[in-house]
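Under our numbering, think of the first position of the sequence shown as 28, with each following residue one higher.
All C-beta atoms in this analysis are idealised placements derived from N, C-alpha and C, irrespective of residue type, glycine included.
Since the model is a prediction, treat every value here as computed from it, not as a measurement.
Worksheet: one structure, shown below.
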Amino acid sequence: MKNKVWIIIGIVVIAVAAAVLIVTQFFGGSHGGIDNEPESDVSGESKILVAYFSWSGNGQQMARWIAEETGGELFRIVPEESYGEDYGACADRAKNELDNEIRPALSSHIDADVMAQYDTIYLGFPIWWYDLPTPVWTFLEEYDLSGKTIIPFFSHNGSSSGANSLNRLTQLAKGSTVLTDEVLSIPGSSVANSEDKVKEWAANELK
Ligand SMILES: Cc1cc2nc3c(=O)[nH]c(=O)nc-3n(C[C@H](O)[C@H](O)[C@H](O)COP(=O)(O)O)c2cc1C
Numbered sequence: 028m029k030n031k032v033w034i035i036i037g038i039v040v041i042a043v044a045a046a047v048l049i050v051t052q053f054f055g056g057s058h059g060g061i062d063n064e065p066e067s068d069v070s071g072e073s074k075i076l077v078a079y080f081s082w083s084g085n086g087q088q089m090a091r092w093i094a095e096e097t098g099g100e101l102f103r104i105v106p107e108e109s110y111g112e113d114y115g116a117c118a119d120r121a122k123n124e125l126d127n128e129i130r131p132a133l134s135s136h137i138d139a140d141v142m143a144q145y146d147t148i149y150l151g152f153p154i155w156w157y158d159l160p161t162p163v164w165t166f167l168e169e170y171d172l173s174g175k176t177i178i179p180f181f182s183h184n185g186s187s188s189g190a191n192s193l194n195r196l197t198q199l200a201k202g203s204t205v206l207t208d209e210v211l212s213i214p215g216s217s218v219a220n221s222e223d224k225v226k227e228w229a230a231n232e233l234k
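Structure follows, in structure tokens:
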């Protein structure tokens with residue numbers, strides 16, 4: 028009987044430790060959800076689009092540096108229904124959408140004739156549940172991306188290879204060339220100090 032109690036206590040301790048590990052791995056370096064506001068409208072005057080989805084601001088910062096460096100037009104992928112500010116609620120919704128392959132509706136859009144002007148899309152996102160966040164799925168399926176080059180950049184808290192996100196991106200970005208070998212991957216906690224690294228990478232991609 029005593030042994031059983033110790034086994035149960037052991038299992039509970041391991042489960043709690045695993046939960047803490049997952050939460051700190053995913054959320055270390057994050058600062059909660061920021062706003063859910065779009066960037067200014069894009070015009071198609073540049074050949075480069077810098078499109079991003081960002082919940083806690085790391086990807087937004089990277090995207091802004093990339094746009095500064097390349098002269099690309101900034102576009103934020105904005106879900107109609109915000110993921111809110113709370114980690115737990117955001118994580119639960121993200122997991123449910125991923126498990127059920129739900130494409131959340133977006134409130135930010137690009138006219139088809141404007142999208143047609145871009146040759147290159149820098150596409151930024153966080154790793155969510157070892158995969159591509161579902162708002163990016165919606166974005167990729169909304170447009171005719173054939174003939175375009177997509178250059179991914181992402182931030183993470185441990186999944187430095189991007190886990191399944193790049194496979195997913197390649198599957199969804201039909202007709203485009205996704206430069207999976209040239210990806211920029213930065214830990215969320217390092218983004219604030221990575222301006223030079225991000226700009227250098229973005230400039231190199233244009234050569
Ligand atoms: C719902 C959710 C799921 C996450 N899943 C992962 C994951 O599977 N692997 C990982 O390395 N980081 C994970 N993270 C951490 C984020 O990728 C990381 O904090 C990233 O820098 C956030 O970028 P953002 O500020 O642009 O939203 C997750 C974060 C959230 C909110």
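Cut-off 6 Å between Cβ atoms - residues of its own chain near Met142, not counting five sequence neighbours on either side: Tyr170
On the DSSP bridge assignment, give the partners of Val205 in chain order. Ile177
Own chain, CB closer than 6 Å to Gln235, minus 5 neighbours either side, in chain order: An answer regarding residue 235 cannot be provided, because it is not within the stretch 28 to 234 covered by the chain.
Using the Cβ count rule (16 or more neighbours within 10 Å means buried), how would you classify Gly56? Because the pLDDT at Gly56 is just 49, under 50, the model does not fix this residue reliably, and the point stays unresolved.
Give the straight-line distance between the Cα atoms of Leu193 and Ile148, rounded to the nearest whole angstrom. 15 Å
Pick helix, strand or coil for Glu100, following the three-state DSSP scheme. Residue state, collapsed to three classes: strand.
Inter-residue Cα distance where the pair is Asp223 and Ala121: Each residue's Cα considered, the two are about 31 Å apart.
Going by DSSP, what residues sit across from Leu172 in a beta bridge? Partner(s): none; Leu172 has no beta bridge.
For Asn30, count the other beta carbons within 10 Å of its own beta carbon; 16 or more makes it buried, fewer makes it exposed. Which is it? exposed
So Gly151 is in the beta strand (DSSP E); what residue range does that whole segment cover? 147-153
Using only alpha-carbon positions, find the residue among Lys201, Leu196, Tyr79, Ser182 that is nearest to Asn63. Tyr79
When you compare each of Trp33, Thr97, Glu72 to Val225 by their alpha carbons, which one comes out closest? Thr97
When you compare each of Ile177, Asp126, Ile137, Ile61 to Gly202 by their alpha carbons, which one comes out closest? Ile177
How long is the line joining the alpha carbons of Val77 and Phe166, rounded to whole angstroms? 13 Å
Within 7 Å: the Cβ of Asn220 and any heavy atom of ligand 1? No, ligand 1 has no heavy atom inside 7 Å of this Cβ.
To the nearest angstrom, how far is it from the Cα of Asn231 to the Cα of Thr197? 22 Å
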